[in-house]
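So the structure is just underneath, and the comments pick up after that.
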Amino acid sequence: MLDKRMSAAEIVAQIKDGMTVGIGGWGPRRKPMALVRELLRSDVKDLTVVAYGGADVGMLCAAGKVRKLVFAFVSLDAIPLEPWFRKSRESGALEVLELDEGMFQWGLKAAAFGLPFLPTRVGLGTDLAALGGLKTVQSPYDDGETLIAMPALKLDVALLHVNRSDWRGNVQVFGPDSYYDEWFAKAAAKTFVSCEELVDRMEDHYPEQARDNLFERCFVSGVIEMPGGAHPSSMPPHYGWDMKAFKAYAAAAKDPGDWGAVQDRFVGANEADYLNSIGGKEAVAALPLPIF
Amino acid sequence: MNQITTISTITLAELCIFAASEAFRGNGEVIATGVGPVPRLAAGLAKLTHTPELMMTDGEAYLVEQPVPIGPRAYDDRKPAGYLPFSRFFDSAVWTGRRHAMVTPTQLDRFGQINLSYMGGTYRQPKTQMLGVRGFPGNTIYHANSFFFPAHGPRVFVPGEVDMISGVGYNPAKRVAGGNYSGVDLKSIVTNLCVMDFGGTDKAIRVVSLHPGVTFEEVQEATGFALEQAPEITVTPLPGAEALAVIAALDPHDIRATVIKDNPPAVRA
Chain A
12 MLDKRMSAAE
22 IVAQIKDGMT
32 VGIGGWGPRR
42 KPMALVRELL
52 RSDVKDLTVV
62 AYGGADVGML
72 CAAGKVRKLV
82 FAFVSLDAIP
92 LEPWFRKSRE
102 SGALEVLELD
112 EGMFQWGLKA
122 AAFGLPFLPT
132 RVGLGTDLAA
142 LGGLKTVQSP
152 YDDGETLIAM
162 PALKLDVALL
172 HVNRSDWRGN
182 VQVFGPDSYY
192 DEWFAKAAAK
202 TFVSCEELVD
212 RMEDHYPEQA
222 RDNLFERCFV
232 SGVIEMPGGA
242 HPSSMPPHYG
252 WDMKAFKAYA
262 AAAKDPGDWG
272 AVQDRFVGAN
282 EADYLNSIGG
292 KEAVAALPLP
302 IF
Chain B
611 MNQITTISTI
621 TLAELCIFAA
631 SEAFRGNGEV
641 IATGVGPVPR
651 LAAGLAKLTH
661 TPELMMTDGE
671 AYLVEQPVPI
681 GPRAYDDRKP
691 AGYLPFSRFF
701 DSAVWTGRRH
711 AMVTPTQLDR
721 FGQINLSYMG
731 GTYRQPKTQM
741 LGVRGFPGNT
751 IYHANSFFFP
761 AHGPRVFVPG
771 EVDMISGVGY
781 NPAKRVAGGN
791 YSGVDLKSIV
801 TNLCVMDFGG
811 TDKAIRVVSL
821 HPGVTFEEVQ
831 EATGFALEQA
841 PEITVTPLPG
851 AEALAVIAAL
861 DPHDIRATVI
871 KDNPPAVRA
């Protein structure tokens, strides 16, 4: 079906208990937070979450949605240690597979290409392999090199937030860095994208920006327009991160320290309520881009 | 400004920046990454003085030829000359070995193994969760790495081994047969007390220079493992007027004054 528009509830209904969900973006940047919030409003549980983590991971862990986490870091940049993630880890609630950032994308690429693994030197000489149960392979050529076999990170579902899409899933991704979003899209059986701007036919509106089509529409199963949908993470060039919101969220991990008591504040009963509570999508659009 | 006044106002942080910049000297066309104020200022200082061929990013996604000042600015005057986003960082910089990173892990042991992941407890339930290994496993097996520590002590330079080996060191027990470790290249360790390198017996850590007024015994006392000494331990040199001016320009808010406890002078009173 070429019209891939869906509601947030329809997208989240595709995610079943026990599934492996990849979340695009990086730390506090380009996170599909509106879809993550919708997931938080659902009853789905026992997820394996695969992410370069930020508040997406912190919230899902805090809410008890995560059975297993595949990660290289979880951080909000200016708040280096994600407090809710930290609480979950220190309580022993999570099964984990900790990976190097480069191995992580290598695992997504293995999944994208349908390979069982891709070889790498990364991980040798560290505790990653032993702790994560990663095995080695030997080069069949004369060099005979021993390498780590980075297993494919196959995703049932990937969630991404992009700048633009049409209803067929022709996306445009701009901003200075798209991180590994395209590999999340290709590693997943189904990828759902939220976007800042939805158009009917991309070629009628922004044909001159077709080079920003980061991945092809065959990798997109569903599309939804959600302006401000990355909030409180950044979405250049539309808006920067909301450090005030991150600080409030981080402070709540100490006081009251109970997610059940604060989920309403950080998730809302629905996305319209959430946006209203932070001053509307106009307030999001007014958040300045971070200066590095 | 006369010479005496200049020397008495140089801070230990500035001396560390100057010493750390030496780690990047003559590195060639590699990405110099300094994480944290002192390493970042050190990389910028190296590029603007002795090693202009260094490459660096603006902290986001673009390559700049003029290092970006640290701290808040009301304006954005970055001038990109190239492009190196995270989305191609491993392809271009890390896995090709074209990088030298200077970082501050939580722990470092006598083998140069580092930890950024967790302390105490277990993999399943750490006592203290930190950042996660980030890119350290790849960085340390593929390209040069140096370290800066603002508070030299046995909690950082731990006895035994680090709690979770997040970066490759020179520990023979951790080397899988047939693995290629030729890219492991641990260079310099700059602390608030001294400069060390990995030039000792079997890549052991040794003290190469002591900051003014510091003794080897003091450094050894603050280290959880036995240190070796370079044949001739020198006194870490003070930055000159040119270096100080570059540092000040790259750090207009004097963030460097917050790095070392009480911001002591380079030369002890």
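Chains A and B supply the protein sequences, listed in that same order.
Residues 12 to 303 in the numbering used here are what the first sequence lists, from first letter to last.
Residues 611 to 879 in the numbering used here are what the second sequence lists, from first letter to last.
Where a beta carbon is used, it is the ideal one built from N, C-alpha and C, also for glycine.
Practice item. Please go through the region 76 to 152 of chain A and give each complete beta strand (DSSP E) segment of 3 or more residues, from N-terminal end onward. Key: Here the runs fully enclosed are 77 to 82, 106 to 109, 128 to 131 and 146 to 149.
Point to revise | F696(B): contacting residues in chain A (beta-carbon distance under 7 Å) | key: W37, D188 and Y190
Point to revise | Contact test: S618(B) Cβ vs the ligand GDP heavy atom, cutoff 7 Å | key: Here there are no bound small molecules, and the ligand GDP is not part of this structure.
Point to revise | For T796(B), the nearest candidate out of N802(B), F628(B), G763(B) and P747(B) (CA to CA) | key: Reading the sequence as shown, one finds Leu at residue 796(B) and not Thr. Cα-wise, what sits closest to L796(B) is P747(B).
Review point. Going by the beta-carbon positions, is the gap between A656(B) and V800(B) smaller than 8 Å?
Key: no
Exercise for review: Would you identify the three-state DSSP class for A297(A), choosing helix, strand or coil?
Suggested key: coil
**Study point:** Other residues of its chain near P301(A): CB distance less than 6 Å, five sequence neighbours each side excluded
**Key:** G251
Check your understanding: Among the residues of its own chain, which have a CB less than 8 Å from the CB of N612(B), if the five just before and after it don't count?
Key -> Reliability fails at N612(B), whose pLDDT of 45 lies under 50, so the model's placement of it is uncertain and the value that follows must be treated cautiously. Contacts found: none.
Check your understanding: Cα separation between A814(B) and A840(B)?
Key -> 11 Å
Practice item. Please say whether A198(A) and A169(A) have beta carbons closer to each other than 8 Å? Key: Contact: yes.
Check your understanding: Along chain A, in chain order, which residues have C-beta atoms closer than 9 Å to that of E828(B)?
Key -> The contacting residues do not exist; E828(B) stays about 30 Å from chain A at best.
Review point. If the cut is a Cβ gap below 7 Å, which residues of chain A does P736(B) touch?
Key: R100 and E101
Practice item. Would you please verify whether the beta carbon of V295(A) is less than 8 Å from any beta carbon of chain B? Key: no
Review point. F124(A) touches chain B at which residues, Cβ-Cβ below 8 Å?
Key: Those within 8 Å of F124(A) in chain B number zero; the least Cβ separation is about 16 Å.
Review point. So, do the region 178 to 186 of chain A and the region 786 to 793 of chain B have three or more beta carbon pairs nearer to each other than 8 Å?
Key: no
Check your understanding: Would you say I865(B) faces chain A, with C-beta separation under 8 Å as the test?
Key -> no
Check your understanding: Is L651(B) near I870(B), with beta carbons less than 8 Å apart?
Key -> No, Cβ-Cβ distance for L651(B) and I870(B) is not below 8 Å.
Exercise for review: Quick one: give me the first and last residue of the alpha helix (DSSP H) that F826(B) is part of.
Suggested key: F826 to E831
Point to revise | Any beta strand (DSSP E) of 3 or more consecutive residues that is wholly inside the region 177 to 218 of chain A | key: 199 to 210
**Study point:** Residues of the region 62 to 95 of chain A whose Cβ lies closer than 7 Å to any Cβ of chain B, in chain order
**Key:** F82, A83, F84, V85, S86, P91 and L92
Check your understanding: How many angstroms separate the CA atom of R816(B) from the CA atom of I843(B)?
Key -> 10 Å
Review point. Can the beta-carbon of R100(A) be found less than 8 Å from the beta-carbon of P736(B)?
Key: yes
Practice item. Rounded to whole angstroms, what's the CA-CA distance from Q723(B) to Q717(B)? Just pull it up for me. Key: 8 Å
Check your understanding: Which chain B residues sit within Cβ distance under 9 Å of L135(A)?
Key -> P747, I751, V778, K784, R785, V786, G789, N790 and Y791
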